[in-house]
Structure formats: structure tokens, C-alpha cells
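Engineer:
2 protein chains.
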Amino acid sequence: MFQESYIECKVKKGITAAKGFKSVGIHCGVKRVKKDLALIVSDVPATAAGVFTLNKVQAAPVLVCKEHLMNNNSFRAIVCNSGNANACTGEKGYKDAVAMANETASVLGISPQEVFVSSTGVIGEKLPIEKITTGIKRAAAHLSESGYLSAAEAIMTTDTFAKSHETSFLVNGIEVNIGGISKGSGMIHPNMATMLGFVTTDAAISKSTLQDLLKATCDKTFNRIIVDGDTSTNDMVIMLANGASGVTIEEGTDEYKLFEEELFELLKKLSIDIVKDGEGATKVIEITVEGALTDADAEKAARTVALSPLVKTAIHGEDANWGRILAAVGYSGIEFNPDKFEITINEIPILKENYFVTLPNVVANQTLKPEKINLLLELHGGNGKATCWTCDFSEEYVKINGSYRT
Amino acid sequence: MFQESYIECKVKKGITAAKGFKSVGIHCGVKRVKKDLALIVSDVPATAAGVFTLNKVQAAPVLVCKEHLMNNNSFRAIVCNSGNANACTGEKGYKDAVAMANETASVLGISPQEVFVSSTGVIGEKLPIEKITTGIKRAAAHLSESGYLSAAEAIMTTDTFAKSHETSFLVNGIEVNIGGISKGSGMIHPNMATMLGFVTTDAAISKSTLQDLLKATCDKTFNRIIVDGDTSTNDMVIMLANGASGVTIEEGTDEYKLFEEELFELLKKLSIDIVKDGEGATKVIEITVEGALTDADAEKAARTVALSPLVKTAIHGEDANWGRILAAVGYSGIEFNPDKFEITINEIPILKENYFVTLPNVVANQTLKPEKINLLLELHGGNGKATCWTCDFSEEYVKINGSYRT
Numbered sequence: 110m111f112q113e114s115y116i117e118c119k120v121k122k123g124i125t126a127a128k129g130f131k132s133v134g135i136h137c138g139v140k141r142v143k144k145d146l147a148l149i150v151s152d153v154p155a156t157a158a159g160v161f162t163l164n165k166v167q168a169a170p171v172l173v174c175k176e177h178l179m180n181n182n183s184f185r186a187i188v189c190n191s192g193n194a195n196a197c198t199g200e201k202g203y204k205d206a207v208a209m210a211n212e213t214a215s216v217l218g219i220s221p222q223e224v225f226v227s228s229t230g231v232i233g234e235k236l237p238i239e240k241i242t243t244g245i246k247r248a249a250a251h252l253s254e255s256g257y258l259s260a261a262e263a264i265m266t267t268d269t270f271a272k273s274h275e276t277s278f279l280v281n282g283i284e285v286n287i288g289g290i291s292k293g294s295g296m297i298h299p300n301m302a303t304m305l306g307f308v309t310t311d312a313a314i315s316k317s318t319l320q321d322l323l324k325a326t327c328d329k330t331f332n333r334i335i336v337d338g339d340t341s342t343n344d345m346v347i348m349l350a351n352g353a354s355g356v357t358i359e360e361g362t363d364e365y366k367l368f369e370e371e372l373f374e375l376l377k378k379l380s381i382d383i384v385k386d387g388e389g390a391t392k393v394i395e396i397t398v399e400g401a402l403t404d405a406d407a408e409k410a411a412r413t414v415a416l417s418p419l420v421k422t423a424i425h426g427e428d429a430n431w432g433r434i435l436a437a438v439g440y441s442g443i444e445f446n447p448d449k450f451e452i453t454i455n456e457i458p459i460l461k462e463n464y465f466v467t468l469p470n471v472v473a474n475q476t477l478k479p480e481k482i483n484l485l486l487e488l489h490g491g492n493g494k495a496t497c498w499t500c501d502f503s504e505e506y507v508k509i510n511g512s513y514r515t
Numbered sequence: 110m111f112q113e114s115y116i117e118c119k120v121k122k123g124i125t126a127a128k129g130f131k132s133v134g135i136h137c138g139v140k141r142v143k144k145d146l147a148l149i150v151s152d153v154p155a156t157a158a159g160v161f162t163l164n165k166v167q168a169a170p171v172l173v174c175k176e177h178l179m180n181n182n183s184f185r186a187i188v189c190n191s192g193n194a195n196a197c198t199g200e201k202g203y204k205d206a207v208a209m210a211n212e213t214a215s216v217l218g219i220s221p222q223e224v225f226v227s228s229t230g231v232i233g234e235k236l237p238i239e240k241i242t243t244g245i246k247r248a249a250a251h252l253s254e255s256g257y258l259s260a261a262e263a264i265m266t267t268d269t270f271a272k273s274h275e276t277s278f279l280v281n282g283i284e285v286n287i288g289g290i291s292k293g294s295g296m297i298h299p300n301m302a303t304m305l306g307f308v309t310t311d312a313a314i315s316k317s318t319l320q321d322l323l324k325a326t327c328d329k330t331f332n333r334i335i336v337d338g339d340t341s342t343n344d345m346v347i348m349l350a351n352g353a354s355g356v357t358i359e360e361g362t363d364e365y366k367l368f369e370e371e372l373f374e375l376l377k378k379l380s381i382d383i384v385k386d387g388e389g390a391t392k393v394i395e396i397t398v399e400g401a402l403t404d405a406d407a408e409k410a411a412r413t414v415a416l417s418p419l420v421k422t423a424i425h426g427e428d429a430n431w432g433r434i435l436a437a438v439g440y441s442g443i444e445f446n447p448d449k450f451e452i453t454i455n456e457i458p459i460l461k462e463n464y465f466v467t468l469p470n471v472v473a474n475q476t477l478k479p480e481k482i483n484l485l486l487e488l489h490g491g492n493g494k495a496t497c498w499t500c501d502f503s504e505e506y507v508k509i510n511g512s513y514r515t
């Protein structure tokens, strides 16, 4: 129901916006018809960073990526299949993930250690590895600077639109680019809604700086979107920095700050697209908690509200039910004074201190009409602040989840 | 859709099964038509115990009950209205809760400190206190040993059936009784789904022993039922022990153990009735985790599975999706080895170690046909064990929650 990003990504270069990157997405046969294999390659060696799922059950490609990231400083490619998660597949699964790296390295003439491997799809089924290795050969032959959309499409599972964004800015007069693609639509279908993000930049950034930067930025973007709270076995965000722009970004400089801001805005767009694509979602909800004792408290409260089925169904029904929101903050476990609690929806105050209801219900409900909802919760207890994003909760979600196989 | 408990409570004495207790439920005008005021009274002074919501937002009656419990050793009555939670109502709300205790004390000729006050219903609206105090007078005139069903009905909000159970057993040849009523049906309607439990016994038990016993038993019953994870501002369980049986229960004795078991079974029934009554629920799911490192770990895992919208919708759709269950345990935060994970549904193993799927999907799905689902998750990592209860998640839940006002 949100087509905006799809249209946007048609006219942009996404993952290949950064100089020296090529990509492609093809159909190799894991899925019946749709594209299911993406390849992203840097012309020259790049540094890399990765952020991975905290689920104790980690899919084989996650393990392989972590090993490669830990043991190497130079990287060239990301290969990703959709349609099968290669998770809970034991030894065979691990071998298959290694085989994907090996095949990619072989056709590109690089080392397997320079390749990141990713999978997304059904859990517990063995990978049709021959189809994938054959596919990798074919994909490599079609790598191009205009392969951004096909790559974005090839990592989709239950996603209803491709998620692709980019940004371009000047550092001392020289153009620097960051581009990225993402996938995810709430864990709706049979464990197929892994969250993936692949990001490229033509800035030069040291491996350790890039890792800190990616981790910190993911903590405020990909880790702040909440669809249903379920965390997948395959989630990962990988970033490559190849230096092709000639600009180096070092920690503590003004350029670093600028780069950080641009990366944040880009990952935020890639993240919010995932929320928009939440199964049955009709609204994107930005929840900001201010005035908590600490930022951590603010995040805890915002997350609890974002997870509450009661709040999400009320917003779906365009019902400005402040009691549900207050009760959710109440059981989030943070310290605050309920008497001072205030709620503003899309810049209109609906609850002020001492439970003062500013508007009749029917009027307050109007604030929930738009597709984008800004929920501001003011605790008046300190300077702690945090924002997270979620979507509303519709009958569609349950319908699809209970009966996707029939 | 579950009428069984309703039929059961028609032929039992519930809250008045214990000797020396009378109760009644009437309509006093908070609700339009249905009963909305319950009174439970002991003929003689009783000891009492209470377990209260951990929500930071605590309704006025919760505050009043805690004060009375802390400052007194002798108790006689519980008064409870439904239809209005008297929560987030400021000073006026506190005065109203005190007024309910005062009026009850006045008509019964006891001290206000001997009265527990409870409310359940809409948050944020002032109590129509005159209707309630007038109602208390009328209710007191109708107290009787056969008033158990009307009391159970008068504390209902969105509940679709009254919840009332009792147990009777011999201690050294003398009959001892425990009875109780509960309410709650998942936090569905506008914060009206507070969980309440009122329990009476004719055993004599010291206040401190009773408190320990009630707390420990609630931790394994009322605190182990999960409908949607939202915790209300008004939740409470109150227990009165009046000694009318002539039997004294002291800690460390065989009688204590027996009493503890009987209380556990009773509170379990009262709790499971709440799960059964979860909005749109079609199945009760008992989730037992075994083989965790600790009991606390087992509980954490069981709760996470019980809260997963993905697991709950899959069970609703009768889809034995083991990947969703394993992934939920994976993100519960506990230590375990996924390779050793096993799942048994209604005594039929569907997943064995090393992700070995024992049955074809269509056959495994048959295990989810019954209305009562026993989900046993074996981690093979230690002796930690815990059980909790939840219900499935249907389209009805969302439909009702998003549109209850229209």
C-alpha cells in the first residue's frame, strides 16, 4: 500500500550510487519465478563492517560472515540468495554457505575471505546449492552500475516493494556517495522476514572506524524499528567502503560528523521502508519519548509502546486511546511520574499533566487520520530521549500469519 | 466459546465455599445494565494477603489496598466495582476509593481499614461515587452464602463467562475449603481487562505465612498467563483466611504442603479461565520448557514463546511451524544449544535433535487440532523447568481492539 519508495528507487542508483560498485539481481531457481540471487561487488578492495542478529539460533551465512569479518581487512563482494534462509540446516548448511563464498570468489577472481554471504527465506530446509552456484556464475556476467534495482528486488521475500536509497554530499568540494538496499516486512510469513541491509560508500574509512560507525548508526535505525518483536536467525547489515571517491573519513573530524549524519539519514530511510512494508500496515508510527531519566529509559519506554498490541490496534482503528499508551509506559519498567505524563500526536497535545484531556475523543481521534503518525511522549523527569518506529496492527497481519500455507 | 467454566460455577459455591463467607453482586449503575458491584464479607475477622500490579501507573484502589494491608492485621471485606477503573483520576480518584472503603465499613459496622477496595473498567474517567456508595448499602442487605455467582458476574468487564472455582479437602479429618473468583480476558477493550482474583479460605493462617504463600502461588499461576503482555493499572489478587474451619495451617508442616497444592490447583483454574476468555481465543496453549540451565531461564523462554505473535498466529492456523518456536526461544536471551532443541506437541514429537523433522507438515499440523495444546520444549541443557499458559491469536483480537468504539 506504500508505493512511494518503489517509485523513488526506480529513478535512483541505490547500492551502486557509490563509485566503483556494481550489482545485479537474477532468478536462479530457489524461488519459482521471482529474482532470488543478488551480487554486489566493489571494483577495488574495500574495508567492511557488519552487524548481526543476536538470536542464539544463527544461520550458517551469519557464522561465515562473522568469520570473514574477524579474520580479514579487505573485502570485495556480497552474495545473497532469497527463498531459503539456510538456517537450522546443520553441517550441510555451513558447507553450502562456504560454497557460495567460494563460487563468488572463483568467478570474480578474488579470495573467498573477501566475500560476505547472506540468505533469507524459509528456515530448516537445505539450500539447492547447485542452482545457486550456477546462478552466481550467470550473475557475475551481468554485474553493472545499473544493477541496483534488480539487486534490491532479488533480496526480497514477503516484501511488497524494493527498498533502495542513496545520498550524495560534498566533502571539501569532492562528491562522496553512500547507497544501500534493505529488505524485511515484519516476521510474517514462515520465518521469511529476516531483516537485511547492504550499504556501500566510495569514501575511504578504516575497518575499525567503519565498524563503530555502522554499529552506532544501526542502533539508532535498524535496531529501532519494531514490527512484531520477533528477531530472525539471519538478520544482518553489511557495509563496504572502497575509497573510490578519493575522500578519507577519519574519526573526530568535521567530515566524520557529516558522514555520520548522512549515513544515519540513509539507514533511517532503509529502516522505515521496512516498517512501511509491515504486513497489513496502513500507518508508520514514529514514537519519541522525551524527559526520561536516561536515554536508555526513553528507549525502553518507546520500545514497549511500539510493541503493545493494544496501542498498535488502537492506532489502526484511529482511536486516540491515551490510557493504553500510558499503561504501556507504566509496565515498561522505567521510573517516571504518571501525573506528569503528556502525549502529543502529530503536534497536537491530547493529554497534559494530571491526566488533563485537552480534546473530546472524536476530535483527538482526527490526529490519527494521516498515514504517518508522530507520537511524542513527554515524561518531564529528565533529559533522556529516544525515537523508534513501528507500524499499526491490522486484521490482515493475523489473517496472513495464521493461514499463509493454505 | 468456552462455556464449561460457566456451567461449572453454576453448581458450585466458589467464593463462598469457605465457611463464614458471604458475597453478592448487584447492578448499581456504573454500567448500563449488567452487574457492576461485588461485595465479599467474612463473618469474623480474617488475615489477608495481596499481590498487586507492578505497573508504575497504579490505580487509586491499588494504593488504598496496599496501605490497608501494610497497616492492619485483621480484615473483613472486599468491595469491587466494574465499569470504571478509577485509574489516572488524581486526588478525586483516591478520595473515591477511600469513600468506597468507608461506606462498606459503615454498613457492615467494621473499620474502613478492614476493607479492600478494587475497581476495573475504563481508565481516566471519574467514578460515579454516589451510585457506588448507594449500591454498597443495597448490596450489604443482600449478602448471602449463595451469592457466589452474582459476585463473580459483578466483577466481569469484557469477560464472556464468570470465573469461579473451589476446592475442599480434609486436614486431620476436618474439612477445609478454598474458593475464588477471577476476571480478565486479555487487555482487549479500552483498558478494561484488568486481571482480578479474590480468594477465600476457612483455614487459619498467619498474615505473613499467607502473604508468602499467595505471592509464591501467584508467581506460578496468575503471573504465568500471557494474553498479550500488556499489564494493567489495576491488577490485584486478594486472599482472606478466616479460620472458620478450626484448622490452622503453619509453615513447614504436611498440612501446609497439602494446602499449598490445593491453592495452586485452584489459582491455576482461575488463571486458565482468563486465558480461555482471551479475546477471539480458540485454543488454550500450555507451554512447558524443560532442560534449561535454570528455572528462571525456562520461564524466560516459555514467556517469550507465549508472547510471540508469530507462534500464536501459527497455532491459530493449526500450522506446526517449529521454526517460529525455535526462533522465539533463540531471541529470549537464554543460553541453549539450538542443535539439541526438541518440540513435542500434545505428546507427539515433531522435532528431534539436529533439526530432525519427525513428521510431514500435514501430519504434524494435526497435533494442533484440539482446543487444548500442550507444547513441550526440551532444551537438553540442565534441570530448569517452567510452565506458562497463553491462547492463540485470531483476527477477532485485532478487529475488536481496533474498532471497539465504533
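Respectively, the protein sequence lines represent chains V and P. Heads up: take any position in the first sequence, counting from 1, add 109, and you land on our numbering. Heads up: take any position in the second sequence, counting from 1, add 109, and you land on our numbering. We put the beta carbon where it would ideally sit given N, CA and C, even for glycine. These numbers were taken from a predicted model, which means no experiment stands behind them.
#1: Looking only at DSSP bridge pairs, what is N286 of chain P linked to?
#2: For E480 of chain V, I'd like the list of residues in its chain whose CB is within less than 6 Å of its CB, leaving aside the five on either flank, ordered along the chain.
#3: Would the region 367-386 of chain V and the region 305-314 of chain V be scored as touching if the rule is three or more Cβ pairs under 8 Å?
#4: Starting from I381 of chain V, follow the alpha helix (DSSP H) in both directions and report where the run begins and ends.
#5: Would you mind giving the Cβ-Cβ distance between T125 of chain P and G230 of chain P, rounded to the nearest angstrom? I have them listed as a contact below 8 Å.
#6: Closer than 7 Å by beta-carbon distance: list the chain P residues that pair up with V166 of chain V, in chain order.
#7: In whole angstroms, what separates the C-alpha of V226 of chain P from that of H177 of chain P?
#8: Taking 7 Å as the threshold (beta carbon to beta carbon), is I459 of chain P in contact with chain V?
#9: Could you tell me the boundaries of the beta strand (DSSP E) in which T213 of chain P lies?
#10: If you draw a straight line from the alpha carbon of D145 of chain P to that of T413 of chain P, how long is it in whole angstroms?
#11: Would you please verify whether the beta carbon of C500 of chain V is less than 7 Å from any beta carbon of chain P?
#12: Select from the region 227-250 of chain P all residues with a C-beta closer than 9 Å to any C-beta belonging to chain V, and list them in chain order.
#13: Mind listing the chain V neighbours of T340 of chain P? Cutoff is C-beta to C-beta under 7 Å, in chain order.
#14: S151 of chain V bridges to which residues according to DSSP?
#15: Could you check what DSSP says for K481 of chain V in three-state terms: helix, strand or coil?
#16: Less than 7 Å between CB atoms is the rule here; does H293 of chain P satisfy it with respect to chain V?
#17: Distance, Cα to Cα, V188 of chain P vs K246 of chain P?
#18: Quick check on the DSSP output: what are the complete beta strand (DSSP E) runs of length 3 or more inside the region 413-458 of chain P, in order along the chain?
#19: Express the C-alpha separation of E388 of chain V and S503 of chain P in angstroms, rounding to a whole number.
#20: Note down the Cα distance separating C327 of chain P from F373 of chain P, rounded to an integer number of angstroms.
#21: Name the residue from P:I452, P:S151, P:N483 whose alpha carbon lies nearest to the alpha carbon of H489 of chain P.
#22: Run down chain P in chain order and give the residues with a C-beta less than 8 Å from the C-beta of G138 of chain V.
#23: Can at least three beta-carbon pairs, one atom from the region 124-141 of chain V and one from the region 350-365 of chain V, be found at a separation below 8 Å?
#24: Between the region 177-195 of chain P and chain V, which residues of the former have a C-beta closer than 7 Å to a C-beta of the latter?
#25: Out of P:I287, P:L416, P:T318, P:K377, state which residue places its alpha-carbon closest to the alpha-carbon of I335 of chain P.
#26: Quick one: using the 10 Å Cβ neighbour count with 16 as the cut-off for buried, is V153 of chain V buried or exposed?
#27: Just the C-alpha distance for W498 of chain P and T318 of chain P, rounded to the nearest angstrom, thanks.
#28: Taking the C-alpha atoms as reference points, what is the distance between K201 of chain V and I443 of chain P?
#29: Let me know if T422 of chain V comes out buried or exposed under the rule of 16 or more other beta-carbons within 10 Å of its beta-carbon.
#30: Please decide whether Y464 of chain P counts as near chain V, where near means a Cβ-Cβ distance under 7 Å.
#31: For the beta strand (DSSP E) that contains K494 of chain V, what are its first and last residues?
#32: From A437 of chain V to A196 of chain P, what does the alpha carbon distance come to, in whole angstroms?
#33: Given this structure, state the Cα-to-Cα distance separating L367 of chain P from L468 of chain P, to the nearest angstrom.
#34: Please check if any C-beta of chain V sits within less than 7 Å of the C-beta of G432 of chain P.
#35: Tell me which residues share the same chain as Q112 of chain P and place their Cβ nearer than 8 Å to its Cβ, disregarding the 5 neighbours each side in the sequence.
#36: Does the beta-carbon of I459 of chain V have 16 or more other beta-carbons within 10 angstroms, so that it is buried, or is it exposed?
Structural biologist: With the given structure in hand:
#1: Bridge partners of N286 of chain P: P:S277.
#2: Excluding positions up to five away in sequence, the list reads K392.
#3: Yes, the region 367-386 of chain V touches the region 305-314 of chain V.
#4: Its alpha helix (DSSP H) spans residues 363-385.
#5: Actually they do not touch by this definition, with Cβ atoms about 24 Å apart.
#6: By Cβ distance, chain P contributes L435, A436, G439, P447.
#7: Across the structure, V226 of chain P and H177 of chain P are spaced so that their CA atoms are roughly 10 Å apart.
#8: No, no contact with chain V.
#9: From DSSP, T213 of chain P is part of no beta strand (DSSP E) but of the alpha helix (DSSP H) over 199-217.
#10: Answer to the nearest angstrom: the Cα atoms are 35 Å apart.
#11: Closer than 7 Å: no.
#12: Flagged, chain order: V231, I232, G233.
#13: Here the neighbours are Y440.
#14: Partner(s): V:F130.
#15: When secondary structure is reduced to three states using DSSP, K481 of chain V falls in the strand class.
#16: In the sequence under discussion, the amino acid at residue 293 of chain P is Gly, which differs from the His named in the question. No, G293 of chain P does not count as interfacial toward chain V.
#17: The straight-line gap from Cα to Cα measures roughly 11 Å.
#18: The qualifying runs are 451-454.
#19: Whole-angstrom Cα-Cα distance: 15 Å.
#20: C327 of chain P and F373 of chain P have their alpha carbons spaced roughly 8 Å apart.
#21: For H489 of chain P, the closest alpha carbon among the candidates P:I452, P:S151, P:N483 is that of P:I452.
#22: At a C-beta separation below 8 Å, G138 of chain V has no neighbours in chain P, since its nearest C-beta there lies roughly 22 Å away.
#23: Contact holds: three or more Cβ-Cβ distances are below 8 Å.
#24: If the cut-off is 7 Å between Cβ atoms, the region 177-195 of chain P has nothing near chain V.
#25: Closest option to I335 of chain P, Cα to Cα, is P:L416.
#26: The residue in question, V153 of chain V, is exposed, as its Cβ has fewer than 16 Cβ neighbours within 10 Å.
#27: Taking the straight line from one Cα to the other gives about 27 Å.
#28: Taking the straight line from one Cα to the other gives about 26 Å.
#29: A buried status is given to T422 of chain V, since no fewer than 16 other beta-carbon atoms sit within 10 Å of its beta-carbon.
#30: Look at Y464 of chain P: its C-beta is under 7 Å from a C-beta on chain V.
#31: From DSSP, the beta strand (DSSP E) with K494 of chain V extends over 493-500.
#32: Roughly 14 Å between the two C-alpha positions.
#33: Rounded to whole angstroms, the gap between the alpha carbons of L367 of chain P and L468 of chain P is 42 Å.
#34: Answer yes: the Cβ-Cβ gap between G432 of chain P and chain V drops below 7 Å somewhere.
#35: Since pLDDT at Q112 of chain P reaches only 42, below the 50 mark, its modelled position is unreliable, and no value is offered.
#36: Label assigned to I459 of chain V: buried.
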